[in-house]
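Okay, so here's the structure we're looking at.
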Amino acid sequence: MSDPSFASIFQGQLFLLSESGGQVLESPFGRSLRDRAVEIYNRNLWKTQGPGGQTLAHAVRAAQLRDPSNFRIAITSVTRGCDAGELLYTLETDEISGMFSRGADGCEKRIFHTADFRVRHLDMRPDGAEIAASIHHRSGMANLAVLRADGSDLTEVTDGESVDEAPRWVPGPGRRLVFQSAGLAQRPRARGAPLGPYGIQQLDLDTGEIRCLARSTEFDFVCPRITADGVVYYIRKPYAAAPEPVSGWKALHDTVALPFRILWGIFMIAELFAARRAGRPPLEAAQGIEPAAKVVRTPSTWFLMRQSLEAADHVEILAKSVRAFDLAADGTVIYSDGVDVYRMGIDHGRVTKVLSSEGIDLIAAL
Numbered sequence: 250m251s252d253p254s255f256a257s258i259f260q261g262q263l264f265l266l267s268e269s270g271g272q273v274l275e276s277p278f279g280r281s282l283r284d285r286a287v288e289i290y291n292r293n294l295w296k297t298q299g300p301g302g303q304t305l306a307h308a309v310r311a312a313q314l315r316d317p318s319n320f321r322i323a324i325t326s327v328t329r330g331c332d333a334g335e336l337l338y339t340l341e342t343d344e345i346s347g348m349f350s351r352g353a354d355g356c357e358k359r360i361f362h363t364a365d366f367r368v369r370h371l372d373m374r375p376d377g378a379e380i381a382a383s384i385h386h387r388s389g390m391a392n393l394a395v396l397r398a399d400g401s402d403l404t405e406v407t408d409g410e411s412v413d414e415a416p417r418w419v420p421g422p423g424r425r426l427v428f429q430s431a432g433l434a435q436r437p438r439a440r441g442a443p444l445g446p447y448g449i450q451q452l453d454l455d456t457g458e459i460r461c462l463a464r465s466t467e468f469d470f471v472c473p474r475i476t477a478d479g480v481v482y483y484i485r486k487p488y489a490a491a492p493e494p495v496s497g498w499k500a501l502h503d504t505v506a507l508p509f510r511i512l513w514g515i516f517m518i519a520e521l522f523a524a525r526r527a528g529r530p531p532l533e534a535a536q537g538i539e540p541a542a543k544v545v546r547t548p549s550t551w552f553l554m555r556q557s558l559e560a561a562d563h564v565e566i567l568a569k570s571v572r573a574f575d576l577a578a579d580g581t582v583i584y585s586d587g588v589d590v591y592r593m594g595i596d597h598g599r600v601t602k603v604l605s606s607e608g609i610d611l612i613a614a615l
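If you want it as structure tokens, here you go:
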């Protein structure tokens with residue numbers, strides 16, 4: 250593969266992409282966690298096997314807790330670092346979350362990890378001195394945080410009943426961030442509380458001033474990027490409000506169907522264990538049932554927008570069906586509809602398809 254031009258994330262995996270192909274980038278730290286899970290699983294496997302083993306219910310519970318296939322490791326964000334070829338990324342499991350760097354030599358360095366919160370959406374300051382990130386708390390709220398490049402002195406710089414995410418440093422003098430923010434609409438401290446629409450904000454870390462750059466009651470504005478000349482890019486998508494209350498008929502239907510769903514679940518669990526013991530594929534695989542498609546192109550209602558801060562009422566639509574994008578160092582725009590990657594020239598006129606991938610949830614220009 251030629252020198253990678255992009256990094257992308259799809260379903261928790263990190264990829265390096267170039268016009269000639271791509272490769273999966275595995276985290277040594279994540280691999281060590283999985284190896285440890287395999288070791289613990291194998292050490293306790295005897296407890297669920299043989300005639301003296303546990304009951305089916307206990308075996309199922311043990312398998313869910315210890316089977317390495319249930320051990321979730323996901324890369325949740327990626328961005329370019331300060332040095333050539335350097336990547337910064339965040340990783341999380343069900344128990345911990347951490348921030349890592351990978352140099353051009355392929356060596357991984359752990360910046361920090363914690364079990365107290367989830368860290369995501371990181372961005373390095375152009376001079377390499379600080380990193381901005383979003384900190385997700387168990388309450389459902391998320392704040393912006395700034396820390397030194399070595400992982401020390403982490404400080405949360407926003408608070409309140411909101412979800413503040415995706416910070417990006419503003420080029421130029423001072424210490425400013427643009428980010429997406431949504432208020433917790435109801436029961437703000439309740440887990441899973443619905444969100445209001447995301448808007449784009451700018452925070453001046455030196456003065457504490459917050460400025461709203463874009464907001465609507467009908468749309469979410471997410472994933473902001475900003476240039477040195479004061480032009481902000483973001484994705485606009487329809488705001489998905491809280492779901493409507495469940496109707497009485499649907500509640501009755503779900504209640505009546507619940508016992509049958511439980512019985513079907515028990516049958517499938519028993520079938521899975523029987524298939525493993527007999528060394529054959531599970532029933533669904535034997536019947537040739539195809540798995541659900543994993544890759545879906547982004548709806549045409551998701552637009553890449555461009556807005557000048559000097560003329561806030563002047564907003565342009567640059568592309569549709571945009572799931573993820575980034576600004577390259579030369580000012581070109583890289584964006585994806587979830588499958589294909591495109592490059593848009595500095596004048597926003599010519600658009601070139603760069604490559605196709607198995608799937609893209611997030612992309613970073615290197």
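Sequential numbering of the sequence shown, starting at 250, is according to our numbering.
Glycine is no exception: its CB is placed at the ideal position from the N, C-alpha and C atoms.
Owing to the predicted nature of the structure, the values given are computational and were not obtained by experimental measurement.
Residue range of the unbroken beta strand (DSSP E) whose run includes Q556: 552 to 557
Inter-residue CB distance, L337 and M373 (contact presumed, cutoff 8 Å): 6 Å
Same chain only: Cβ atoms within 7 Å of L282, ignoring 5 sequence neighbours per side: I322, T342
Secondary structure of A560, DSSP reduced to three states: coil
Inter-residue spacing [alpha-carbon to alpha-carbon] between V309 and S606: In this prediction, V309 scores a pLDDT of 48, lower than 50, which makes its location untrustworthy; the coordinate-derived value is nonetheless stated afterwards. Looking at the two C-alpha atoms, the distance is approximately 36 Å.
Residue nearest to A577 in terms of C-alpha spacing, selected from L615, V368, V590, H563: L615
Among G400, Q451, R387, D399, nearest to P416 - alpha-carbon criterion: Q451
Environment of C356 [buried if 16+ CB atoms lie within 10 Å]: exposed
Contact test: V564 Cβ vs the ligand MG heavy atom, cutoff 7 Å: As presented, the structure is devoid of all ligands, the ligand MG included, so that no description of it is given.
Coil, strand or helix - S388 by DSSP: coil
Alpha-carbon spacing of R397 relative to E565, whole angstroms: 36 Å
Buried versus exposed call for D575 [16 or more other C-beta atoms within 10 Å across all chains shown]: buried
Terminal residues of the beta strand (DSSP E) in which V273 lies: Note, V273: beta strand (DSSP E), 270 to 274.
Own chain, CB closer than 6 Å to E539, minus 5 neighbours either side, in chain order: With a pLDDT of 44 at E539, under the threshold of 50, the modelled position of that residue is not reliable, and the figure given next carries that caveat. Counting only Cβ-Cβ distances below 6 Å, and skipping sequence neighbours, we find nothing.
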